[in-house]
Structure formats: C-alpha cells, structure tokens
Amino acid sequence: MLTPMRAIWSGSITFGLVNVPVKAYSAAKKHDISFHQVHDADGGRIRYQRRCEVCGRKIDYEHIDKAYEDGEQTVVLTDEDFASLPEAQNDEIEVVQFVPSDQIDPIMFGKSYFLEPQGKSPKSYLLLRQALDDTDRTAVVTFALRQKTRLGALRVQDDILVLQAMHWADEVREVDFPATRSQAKIGTKEKKLAAALVDQFASDFTPEEFEDTYQVELHKLVDAKLEQGESLDTAATFGERGEEPGGGDTGEDAEVIDLMQALKASLDKKRGGRKAAGGRSGKGSGTASGTTSGGKSPAKSGAKSGAKSKTKSGTKSGTKSGSKSGTTSTAKAGTKSGAKSGSRSTTSSRKSGSASSAKRRKSA
1 MLTPMRAIWS
11 GSITFGLVNV
21 PVKAYSAAKK
31 HDISFHQVHD
41 ADGGRIRYQR
51 RCEVCGRKID
61 YEHIDKAYED
71 GEQTVVLTDE
81 DFASLPEAQN
91 DEIEVVQFVP
101 SDQIDPIMFG
111 KSYFLEPQGK
121 SPKSYLLLRQ
131 ALDDTDRTAV
141 VTFALRQKTR
151 LGALRVQDDI
161 LVLQAMHWAD
171 EVREVDFPAT
181 RSQAKIGTKE
191 KKLAAALVDQ
201 FASDFTPEEF
211 EDTYQVELHK
221 LVDAKLEQGE
231 SLDTAATFGE
241 RGEEPGGGDT
251 GEDAEVIDLM
261 QALKASLDKK
271 RGGRKAAGGR
281 SGKGSGTASG
291 TTSGGKSPAK
301 SGAKSGAKSK
311 TKSGTKSGTK
321 SGSKSGTTST
331 AKAGTKSGAK
341 SGSRSTTSSR
351 KSGSASSAKR
361 RKSA
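Every letter in the sequence shown is one number past the one before it in the UniProt record's numbering, and letter 282, counting from 1, is 282.
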C-alpha cells in the first residue's frame, strides 16, 4: 500500500548545462513508536528549557550563539560569522563525476531520497536515468540540505533516480584490529564445515521476510493498554497539539529549454576546458568543472556584499565542523555589524564572579 509522501526539497540536478528539475522525498520512514517523558506521579509532561549557566535566565533562540570548545579555550561564533562563510547552493544537486558503480564502498552510504521529475517534460530525467543505466555508472554529486553541504551518489533503482547521501572521506573511521592479522591456521575440515554451513543458510534476500519483533510486541502492548482504558486525556494533560511545521515544497520548477543544445554545449565546454588545461599539471580529467546551468562557479567567494541580510538560512546549521580552520583566526575578521564582537574567545581565566557561581553550582 502506497503511503502519502511530502516533498522535503525541490530543485534541479545539474550536469553540464543540462537541468533536471526534481522533488526529493525521504526513501525510508522509521516504524519505531515515539515516546514522551512524563512524571510518574501525575503523568505531567517533562519539558526542557534553555537556561544560561551564568545568569540562570531562560534564553530565547534569537539570543543563542554557537561555541566550539578546544581544550581550555572556547570560541563563540555568531550569526554574522556564519553569514561570512561561502553560501551553499540550496536548490541544486550538482553532478561532479560519473564513476563506476562498483567503486563506491557501501560503508559510504547514508540516507536515501527518491527523486520525482518535475517541469513540463520529464525528458531530461529519463535521459539521465538511461545514461546511468547504459554506462553502469553512478553520479557523484554535491548538494545542500538543511543548511549543510553534503556529498551524494545518484543512481537508478526500479526506474527511479535515487539520491543517496554519502559520508565525507574523513568521516569514515580507519580501524586496525590486531586479531585480524593473526596467523592462526585454519584446517581443511574446518573450511569444508564452514562452507557447508553457509550452503545450509543460503537464500535469496527478501526484505519482507524480516520484521522488528520488539516493535511488533510494543505495538501490541500499547493497543492493549488503550483498550483497557489505561490512558490519559492528551489535551487535558499535555495541552492542545500545534500543527507540524510545513515541508520543503518551495521553489519553482526549472525548465529545460532545449535538451540537445544543452548537451552539445556541455560537451563543447568540457572539450575546450581540456585543451586549455593541456599544458598544466593536475588531475582534472575525471571531475567536471562544476559549471551549473547559470555558468556559476561552485565555490563562491566568502566575501559577501554588505547588503545581504544578517540572518541567513545557513547561519544556524546546528552542526560542528570537524576542522578548526577559520574559527580561531579567520572567523575573528571584522565582518560583524552591530554590538557583537567577531569571535569572543572565552578562556579558562573568566571573571571571578562567573567562576565563583560555577563553583557553587558544581558543589550543589
């Protein structure tokens, strides 16, 4: 049974000068039951508040900055600091390479998204799908989602283009388990018995054969309590529920003006770039130049016009960068306007009043 889906993103796949307008939907949904925390004595909802550890006051989101701790020092980054960073392309899935599908280790894969064709004609969508099928290649792409620049793979599954988020290379851990290098001898009989055991369990993979038995029993338990009347009035106990925030159905459909001309122009541009780079050293054979439909460079300058709004969609990304570059020195550049300082460095030698209050809280 098909379940209704809500688009979480809309934009275009770009390769060369070709645009493929699409909408993205989460390919998987969690079946786990969600719980609230309540007081065991009266069933009251447990709430968490954002309170400052120094002044003790409840803080609104608009007065919350982000901080990065590096040992004994903490550097604070404000909205203006994040606004000075290169802006992510929020409405493009940019193809940078087409690689053999078997070269991508599955450990790189993250969340998956179904891509639905949009616009007046799905021809460019069908063309890209056919090209991936015929060449047995996967498109390596970059895209922005929820204010984060991400790496992804574009592949075909059941005639649908699927965008698979990927980990960055430095996010995949390197491991070294000494036991795996053991020189223990494995006898012939042991190998045969192991092979026989594998043959005994051999089968074709059918996902529908497996179920989460814990969740099945948990659903039964909840249903039984509801039938027996062991429940609270939700509105009386927790208050009226507000509407869920809207999805990402924003942006207008991009249009493909002339697919053949776009393809030819992309090839000509690529060939011209190779000739121009003939006398230069480097790798540039496998990667696209990052040219999008508008001819923009994928790497935008971090120096933005002062006419831009101070509050940008990418200023509250909620994620910490693994790299420290730019936070302790570059982020301190005089890009801030207003009363806030560029980057406030908070060291262990804080004011005596703050330190003493922290000690009192710790002893309490």
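Glycine is no exception: its CB is placed at the ideal position from the N, C-alpha and C atoms.
Please return the same chain residues whose Cβ sits closer than 8 Å to the Cβ of residue i, not counting the five positions on each side in sequence.
{"i": "Lys136", "result": "This sequence places Asp at residue 136; Lys is not what is there. Pro100, Ser101, listed in sequence order."}
{"i": "Lys23", "result": "Ala7, Trp9, Ser10, Leu115, Glu116, Gln118, Asp249"}
How about residue i: is its Cβ closer than 7 Å to a heavy atom in the ligand ZN?
{"i": "Thr78", "result": "The ligand ZN is absent from the structure shown, which contains no ligands of any kind."}
Among the options, which one has its Cα closest to the Cα of residue i?
{"i": "Leu132", "options": "Ala153, Arg146, Glu116", "result": "Ala153"}
{"i": "Arg129", "options": "Asp268, Val20, Lys29, Gly187", "result": "Val20"}
{"i": "Val38", "options": "Tyr48, Lys30, His31, Lys29", "result": "Tyr48"}
{"i": "Gln157", "options": "Ala27, Ala194, Asp79", "result": "Ala27"}
{"i": "Leu145", "options": "Asp91, Asp176, Val198, Pro122", "result": "Asp91"}
{"i": "Val96", "options": "His167, Val141, Pro178", "result": "Val141"}
{"i": "Asp159", "options": "Gly71, Asp134, Lys29, Glu190", "result": "Asp134"}
{"i": "Pro106", "options": "Asp268, Ala235, Ala169", "result": "Ala169"}
Under a Cβ-count criterion, where at least 16 other Cβ atoms within 10 Å of its own Cβ denotes burial, should residue i be classed as buried or exposed?
{"i": "Pro117", "result": "buried"}
{"i": "Ser10", "result": "buried"}
{"i": "Ser182", "result": "exposed"}
{"i": "Val172", "result": "exposed"}
{"i": "Arg51", "result": "exposed"}
{"i": "Ser84", "result": "buried"}
{"i": "Ala57", "result": "Note on identity: in this sequence residue 57 is Arg, with Ala being the wrong assignment. Result: exposed."}
{"i": "Ser121", "result": "exposed"}
{"i": "Phe15", "result": "buried"}
{"i": "Glu80", "result": "buried"}
{"i": "Ile13", "result": "buried"}
{"i": "Thr206", "result": "exposed"}
For residue i versus residue j, is the C-beta distance shorter than 8 Å?
{"i": "Asp60", "j": "Val76", "result": "no"}
{"i": "Ala165", "j": "Gly110", "result": "yes"}
{"i": "Gln215", "j": "Ile33", "result": "yes"}
{"i": "Leu17", "j": "Ser266", "result": "yes"}
{"i": "Tyr113", "j": "Val162", "result": "yes"}
{"i": "Phe35", "j": "Glu94", "result": "no"}
{"i": "Leu259", "j": "Leu151", "result": "no"}
{"i": "His167", "j": "Met108", "result": "yes"}
{"i": "Asp212", "j": "His31", "result": "yes"}
Give the DSSP-derived three-state secondary structure of residue i in the structure shown.
{"i": "Thr78", "result": "coil"}
{"i": "Ile93", "result": "strand"}
{"i": "Lys324", "result": "Unreliable placement is indicated for Lys324, whose pLDDT of 40 sits below 50; no coordinate value is reported for it."}
{"i": "Glu116", "result": "strand"}
{"i": "Gln157", "result": "strand"}
{"i": "residue 375", "result": "It is not possible to answer for residue 375, since the shown part of the chain is limited to 1 through 364."}
{"i": "Met108", "result": "helix"}
{"i": "Gly272", "result": "helix"}
{"i": "Leu2", "result": "coil"}
{"i": "Phe201", "result": "helix"}
{"i": "Thr14", "result": "strand"}
{"i": "Arg47", "result": "coil"}
{"i": "Val54", "result": "coil"}
{"i": "Ala196", "result": "helix"}
{"i": "Pro178", "result": "helix"}
{"i": "Ser266", "result": "helix"}
{"i": "Arg146", "result": "coil"}
{"i": "Gln228", "result": "coil"}
{"i": "Lys66", "result": "strand"}
{"i": "Pro207", "result": "helix"}
{"i": "Lys23", "result": "strand"}
{"i": "Arg173", "result": "coil"}
Under 7 Å Cβ to Cβ from residue i, same chain only, skipping five residues before and after it: list those, please.
{"i": "Ile46", "result": "Gln37, Val38, His39"}
{"i": "Pro178", "result": "none"}
{"i": "residue 417", "result": "Residue 417 falls outside the range modelled here, since the chain spans only 1 to 364, and no answer is possible."}
Sorted by chain position, which residues of the same chain lie with C-beta nearer than 6 Å to residue i's C-beta, five sequence neighbours on each side aside?
{"i": "residue 414", "result": "Given that the chain is displayed from residue 1 to residue 364, the structure contains no residue 414 and the question cannot be resolved."}
{"i": "Thr291", "result": "Low per-residue confidence applies at Thr291: pLDDT is 38, beneath 50, and the placement is therefore not dependable, though the value from the model is reported in the following sentence. So the list is empty, once near-sequence residues are dropped."}
{"i": "Gly229", "result": "none"}
{"i": "Gly246", "result": "Bear in mind that a pLDDT of 40 at Gly246, under 50, signals an unreliable position, so the model cannot answer this."}
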